[in-house]
Structure formats: C-alpha cells, structure tokens
Amino acid sequence: MTAVETYSAILSQIQAEAPNAPVRVTVGMATCGLTAGAQPVYDKLKDLLASEDGVAVDRVGCIGSCFLEPIVEVFDAQGGRTTYIKVTPEKAVRIAEEHVKGGKVVDEYTIAGPDGPGDAPTANVEDAGFYKAQTRIVLRKCGLIDPEDVRQYVASGGYSTLARVLDTMEPQQVIDEVKTSGIRGRGGAGFPTGLKWQFTANATSDDGVKYVTCNADEGDPGAFMDRSVLESDPHAVVEAMAIAAYAVGSSQGYIYIRAEYPVAVRRLEIAIAQAKEIGLLGENILGSGFSFDLGLRLGAGAFVCGEETALLTSIEGNRGEPRPRPPFPAVKGLFGKPTLLNNVETYASITWIIENGGDAYAAVGTENSKGTKVFALGGKVKQAGLVEVSMGTTLRTIVETVGGGVPNGKTFKAAQTGGPSGGCIPLEHIDTPIDYNSLAAIGSMMGSGGLIVMDEDNCMVDIAKFFLDFVVDESCGKCVPCRIGTKRLLGLLEKITSGKGTLEDIEIIEGLCAHLQVSPLCALGQTAPNPVLSTLRYFRHEYIAHVEEGRCSAGVCKELLQYSIDPEKCTGCTLCKRKCPADAIAGEKKQPHVIDTAKCIKCGACLDGCKFGAISRG
Amino acid sequence: MPNCRTVVPFSGTPEQEQKLREVIARYKGTQGPLMPILHEAQDIYGYLPEEVQATISEELDIPLAEIYGVSTFYSRFSLNPKGEVKVSVCLGTACYVKGAADVLAEVEAQLGCKAGSVTSDGKFSIDADRCVGACGLAPIMIVNGDVYGHMTVDRVAGILDSYRGEVE
Chain A
-16 MTAVETYSAI LSQIQAEAPN APVRVTVGMA TCGLTAGAQP VYDKLKDLLA SEDGVAVDRV
44 GCIGSCFLEP IVEVFDAQGG RTTYIKVTPE KAVRIAEEHV KGGKVVDEYT IAGPDGPGDA
104 PTANVEDAGF YKAQTRIVLR KCGLIDPEDV RQYVASGGYS TLARVLDTME PQQVIDEVKT
164 SGIRGRGGAG FPTGLKWQFT ANATSDDGVK YVTCNADEGD PGAFMDRSVL ESDPHAVVEA
224 MAIAAYAVGS SQGYIYIRAE YPVAVRRLEI AIAQAKEIGL LGENILGSGF SFDLGLRLGA
284 GAFVCGEETA LLTSIEGNRG EPRPRPPFPA VKGLFGKPTL LNNVETYASI TWIIENGGDA
344 YAAVGTENSK GTKVFALGGK VKQAGLVEVS MGTTLRTIVE TVGGGVPNGK TFKAAQTGGP
404 SGGCIPLEHI DTPIDYNSLA AIGSMMGSGG LIVMDEDNCM VDIAKFFLDF VVDESCGKCV
464 PCRIGTKRLL GLLEKITSGK GTLEDIEIIE GLCAHLQVSP LCALGQTAPN PVLSTLRYFR
524 HEYIAHVEEG RCSAGVCKEL LQYSIDPEKC TGCTLCKRKC PADAIAGEKK QPHVIDTAKC
584 IKCGACLDGC KFGAISRG
Chain B
263 MPNCRTVVPF SGTPEQEQKL REVIARYKGT QGPLMPILHE AQDIYGYLPE EVQATISEEL
323 DIPLAEIYGV STFYSRFSLN PKGEVKVSVC LGTACYVKGA ADVLAEVEAQ LGCKAGSVTS
383 DGKFSIDADR CVGACGLAPI MIVNGDVYGH MTVDRVAGIL DSYRGEVE
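Chains as they are written, first to last, in this note's numbering: chain A, -16 to 601; chain B, 263 to 430.
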C-alpha cells in the first residue's frame, strides 16, 4: 500500500467512527478563552447537551478575538454559523435551550448584539469587519478543530499533505516548492526558509544524523502568536516538521517551547502521542519506510534562547549562551550535527504551501515579503487579539479596522513592533505597508509579530527604558558590549526619566547605541539599542522635554510630576487630605487645601479622588 | 529589602528524594538530560535547593558548579522556595503599557516584600512575569494559577485578601 492509501484507510475509519452530529457547538479554549472563563461555559454546555441527539460539544482553539472571549459558536445542520461572545454559564443555558434545542438564535448574545464590536452585520464572525480584513493561512484551522483530538485534524484534511509528499515528491521537490513560495523566517530575522532547508539538506554528518527543530521559545513580551497556534492547531506544526525532516533527510526532531505556556505544552504532548498512535509519526510513517520521531524540550525563562545557537545550546543542557556563527546550525548545530531550525509560524505555513503550491503562496503579499503574517495585537486598542493579514497591509488597517482603534477617546501615538529588538512606528508612518523592508526602512522591524499600540498616556522615554530594562535582565552576560553596554544605556535613560539628564547624555546615548549595534556576538545585543534609537528618531522632543523642562507630558515619569490644588476650585471637602497616604496635604475644612511637594510621593490618589477637578498634574 | 526571606533550611523528605532519583534514572543516558531533570526536580521540591543540585551532580557526573551555572541562568529555576500563595504580575509589553507596573507596586506594598522574594512568614511570594501570552486581557495578575485580567490597583487588596484564608 502507498502512504496515500494507508492515509485514506485511516481517514475512512475516522469518518466511520465519528459521531453523527449535524449540529456542532464549539467553545474557544485556548489560554485567552480559559482565562476569560471558558471552562465553566464548556462544562455547562456539555452538561445540558450531552444527551442531545445529533449535537456535539467540542473544545476548540482560538479564533483570535481575545476581546470577545469566552466565545461559543453554533454550526447548525444547514451550514449556518452563529458566533456568541462574552458567554457566561448563564448565557450558555439560554444558548443551549433556545438555539441548539429550540432552533432560535439568541440575538442579543451574538457578535452582532449590543456587546459586539459594532462592525458585525450578522451573527457570523466571518462577516465582521475586523475578521474580513484578515487573510487566514496559518490560522485557517484555529478555532475550528479540537486541538486535543488528532481525528478532527485528520478529518479536516490534516496529514494528507505528508502522505502525498512521501508518495509522490522527492526531497528536492519539496525544498523547491518552499523556495518558490518565497516564505521568509517568521521568527523575526526573515531569512529565506527554502535556502535554510537547502543548506541543511546539502550538509553531511559522519553518522548521517541530522535534526529538525522548532523554535517555540516565544520570549518577546507582548507576543503570543506561537502560543495560539500551538494551542489551537498543534498538528499543523507536527505535520510540517515531518515534511521538513523528509526534505532535509532527518529522522529526529525537537520542539523547544517555553515552560510558561503550560496549555501549549500539554496539547503538543497530546498531539505527538496521538499522531504516533495512529502511525502518522514515529517509525515507518504510513508504511512509507520514512521514520521521524519528535520530542519536546522545555525552556526555562531565558529570552536569549530564542536566538538559534543559544536555543540549541540550551537543548544540549547548558546555559543558553549563543555561539559564534559560522558554523551555522545547518552545518553544525544540535549535538554538532546539521540542524534545521524554524519558527512555529513558519512551520504552520508549510502544509498550506505544499498543498496549494509555492506559486499560490507567492501570489499573496508583496514583492520582497510573500504570504501572510500573524500579529499579536495588544496595548491601547479596542479589539486586542491574534490577527493574520497579508504582507503589505498597512498599519492603519491593522490598528483601526482590525483593532478597532484606540479606546477611551485617546489618540494614537505609536505602534511598537519587534519587541525589545524592534522600534516604534509613529502616526506619520501609520500608512506604511507592513513588510520586512518597509519596516526596516522606518527604523523598526517585523520581529516575531508582537504589535503593541500606544496612546498619549505612554511616555516614549519610559517605553525605551522598559525594553532596555528587559534586555539588561536577559543579556546572557557572555560578551562585554551587551552585558555592560545595555546596563550603561539603562542608567542614562533612568537619569533622564528622573529629571537629572542633560543634553549631553542624549549624545552619549546615541554614541553608545552605535557601538552596541556592531559589537555583540548575537542579535539580542546588536538590536538592543533599536527601541532607544527609534524613540529618539521620532520622539526626540519627549527626551528634550524631560531634560530641559523637567516635564513628562504623558504623566508617567513620577519624579517629574508636580501636583497642585487650584484654590478657586477647591471646596475644602477634605477628601484628598484623607486619601493622601503621605500626609502631604494640609488645610482646614471648607478652606482651600495645599500640597506639600516635599512630602508628596506622586501617587495620584488625590487627583483620582477629587470630585471638583481642583487637582492638576503638570 | 525587609520582610523577605532569602535562605531557608532544606527540608526534603525521603519520598521526594526517591522521586528525584527516579527522574534522574529516567533521563540518564539520554541526550541533554540536565534541563528536563531540573524542571522535574523543581516540580518535586517547589524549588532547587543546593542539596538537590548536589544529588543531580553526583548522579550525572556533572560538576556542581556547572549545574549551578545552568540553574541560575534561567529565570524559571528558583533557588529559593515560593510562598504558599504565589502571586505574579505580568510585566510584558502589553501589560506594561496598560499600567502593570502600578499593579505590581501595589502588590508589593500590600504584602511588604519585593518581586522575586517571599514574605518572612513564607505565606506569599511575588514574581514579575515576562509575558504569559494573554495580552488580550492585559494587565494580568496570577494568584496560585487563577488568572485575573484587566487588573486595576484598586482590586489588588481584595483579591489578595481572598487568599489569606487559605494560608491561615
């Protein structure tokens, strides 16, 4: 039997054993859903609908709309899809009774109802504006299948690509298809994936051993693309790694995943075990003679392990310090053997590419950046969540159409991409198409996909300090420019945010940044100055205001703030005096109060408490 | 930092040691055994006491200094025990821009000890997390695995109070 025939037999058996359930109720149960309270909703629906004929209640992953969680969807027998949002166990009762059993949609709980985003004309999420602006390739099965049941992945066509590859494609054909697609590494650096595969395939080792590895050490604070993919569609990565192993000639793989993602770790363990059980992974896959085993290795909270050589060093059981390159991992990687290392999102695109052809993938996106990119959209946007857009989509579309804009009537100040290695994009560049080259041209970078929106209440000097503080913590300490340089840089920024900086300090910062960009061994140190340089480039006036006027216009840098009471507006109600934890406010009842600035700890309790708008901060 | 315990005497039980030796036996001889063993050892003891690292050192024939190098490199490995109630505040970017630093400051003020340490009675410990990946709910606080999203400074005291019963 060929691999395709063996696969068809497995598929037929799964279909034959599948419960007859024309109506399907799904509950989004990735981390976002679970933290929002999806578990009791799921339990309630299971409880109410367990004995209902023709109804299945399924746990699924994340459809990406974190701001609407917990989400329940009803797929009815006529092919209709109804999306319920912000579901509670109480709402679940009505959904079960009135809709699932009674056939009548509970309009007010749907995405088109009063709690919805306002851009959903129907109860089906696919019609909502924020969803339509997206192109879903990586996320195409996320939120639709049960990530803990391999049968649902197979029933949706999963592993058929692997079967076809094993039967009909030579390893080189697979690599060529990936090259044709033009996909570049989604971990952030953007190296052409096809080339990486070719280098690993070409490399030889004395005993023939090669490794295929996956970087799931998503350490950028504010990024959760890989977590969502692994929690929602883990087999997409497992299948792609098997295809990659076939292409480069490997039979052993490792996924290096951060231990901070317990749900993703558990679902991967389940996925690997289930795939092995039905012969889609392990020895002699689908009877083809090709074997590939896959193991997990847990990270332990070190950002630098996202760097490829550091990651491999960590799998080997050492401190995760980077190694000089060359030799590149493709030649001499894990345990000294040729090693292919790709990011989760890159792998998750592979089956689609092989299935639809490299040309189809290359037709999406821009000239130098093909395909789609997943972003974790967060910060000051109304609709935070996981979004996938074709390359070349403008930042404005992502922030305004997909993200719903800035909440609370505030104004957009900047978007940050690339995390501690990236930079800020100011309002003047909001119409920049998002691709590798355009972002680099304006001093930011694609990065792994964290996209944090900031408004007028965020101080850009403070944001630069935040990222520097992160890098100082995470520098592995191996090379001096990074270990000492980032520390000095942080010290200078702290000097500025505490009101003690001078214009000369800004010059010193720029000089230090220039050195830091070229001296360290790995990208962590080389890119560490980026958040500082990009905020200096676009928000230099904020640095100057801190230094020359001792003023933080966003009201973040506490040491620069001054609170005062307007004697005209103050009614002498004594509330602020009672609220002040530092005993810094004095005044008689019904007389205007005054703040002793020497005692004031600038906590803002008085400002928040005053009912008469008499207290101001400047 | 007053009110913070940094060193406590080792109090491992024979059952824990037996579990540890089983874990070591399971990974011994595999490629790169140290990290998985340290993870599981921390699950057994709640932290990585020097005594435990010494046992691993003997069994794997890796110098203790090297193991200490690894265990102190990774922020998830702790050489001090955690409190009975573990409080962590996410300081990832999405949480930070939405005011997580103020939430953490309030937790520290309420408990009288700093992030990364334990109260002197061993009941509460505070950690600053780097990003738990639930950015849609920012800012986030996690207490003994329970996640509190959209945190505000005002809610801190009430939430912490609801756990005091568990340790008293």
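Every residue gets a Cβ at the ideal spot worked out from N, C-alpha and C, and that includes glycine.
Remember, predicted model here, so these are calculated numbers, not experimental data.
Neighbours of Q372 (chain B) across chain A, judged by C-beta separation under 8 Å, do not exist; the nearest C-beta is about 13 Å away.
Taking a beta-carbon distance threshold of 7 Å, F272 (chain B) does not count as an interface residue toward chain A.
Taken in chain order, the members of the segment 390 to 407 of chain B whose beta-carbon sits within less than 8 Å of a beta-carbon on chain A are D391, R392, C393, V394, G395, A396, C397, G398, L399, A400 and I402. Nearest to F449 (chain A) by alpha-carbon distance, out of B:G384, B:D416 and B:A363, is B:A363. Per DSSP, the beta-bridge partners of I578 (chain A) are A:I568.
Counting every other CB atom within 10 Å of its CB across the protein chains shown gives R283 (chain B) a total below 16, marking it as exposed.
Collapsing the DSSP output to three states places R134 (chain A) in a helix. When C-beta distances to chain B are compared with 8 Å, the residues of the segment 269 to 303 of chain A below that value are R280, L281, G282, A283, G284, A285, F286, S297, I298, E299, G300, N301, R302 and G303, in chain order. Taking 7 Å as the cut-off, the beta carbon of P2 (chain A) is found closer than this to the beta carbon of A39 (chain A).
A Cβ-Cβ distance of about 6 Å is found for the pair M437 (chain A) and V359 (chain B), placing them in contact under the 8 Å criterion. Interface annotation for the segment 287 to 298 of chain B against chain A: Q293, G294, P295, L296, M297 and P298, criterion Cβ-Cβ distance under 8 Å. Residue contact check for A356 (chain B) against chain A: a CB pair falls below 7 Å. Using a C-beta cut-off of 8 Å, the segment 573 to 590 of chain A makes contact with the segment 541 to 558 of chain A, since at least three inter-stretch Cβ pairs fall below that distance. Here DSSP, grouped into helix, strand and coil, assigns Y244 (chain A) to coil. Secondary structure at V372 (chain A): strand, using DSSP grouped into helix, strand and coil.
Taking a C-beta distance under 7 Å as the contact criterion, G232 (chain A) and K193 (chain A) qualify as a contact pair. The alpha carbon of Y425 (chain B) has as its nearest neighbour, out of B:A390, B:K385 and B:V394, the alpha carbon of B:K385. Distance between L499 (chain A) and V454 (chain A), taken at the CA atoms: about 12 Å. E243 (chain A) reaches chain B at R338, D391, R392, C393, V394 and G395, counting residues in chain order whose Cβ is nearer than 8 Å.
Bounds of any beta strand (DSSP E) do not take in T71 (chain A), whose DSSP letter is neither H nor E. Excluding five sequence positions before and after L495 (chain A), the CB atoms of its chain that fall closer than 7 Å to its own CB belong to G468, R471 and L472, given in chain order.
It is roughly 5 Å from the alpha-carbon of I238 (chain A) to the alpha-carbon of C197 (chain A). In the three-state scheme derived from DSSP, where H, G and I count as helix and E and B as strand, R338 (chain B) is classed as coil. The Cβ-Cβ distance between S332 (chain A) and V121 (chain A) falls below 7 Å.
At a C-beta separation below 9 Å, K360 (chain B) has these neighbours in chain A: G361, G362 and K363.
Straight across, the Cα-Cα distance linking L127 (chain A) with N342 (chain B) is about 43 Å. Nearest CB-CB separation between G173 (chain A) and chain B: not below the 7 Å threshold. A direct Cα-to-Cα measurement between L281 (chain A) and G173 (chain A) gives close to 24 Å. In the three-state reduction of the DSSP assignment, L590 (chain A) falls in the helix class. Using a Cβ distance threshold of 7 Å, I337 (chain A) and T71 (chain A) do not count as a contacting pair.
Of all residues in the segment 434 to 445 of chain A, only I435, M437 and N441 come within less than 7 Å of chain B when Cβ atoms are compared, listed by chain position.
For chain B, the residues of the segment 404 to 433 of chain A that bring a beta carbon within less than 8 Å of one of its beta carbons are G433, in chain order. Pairing I417 (chain A) with A356 (chain B), the inter-Cα distance amounts to about 20 Å. Taking 3 residues as the shortest admissible run, the segment 249 to 293 of chain A contains the following complete beta strand (DSSP E) segments, listed from N- to C-terminal end: 276 to 281.
The shortest C-alpha to C-alpha distance from D391 (chain B) to any of B:H412, B:L422, B:A419 and B:S337 is the one to B:S337.
Fewer than three pairs of CB atoms, one per stretch, sit closer than 8 Å, so the segment 533 to 542 of chain A makes no contact with the segment 553 to 564 of chain A.
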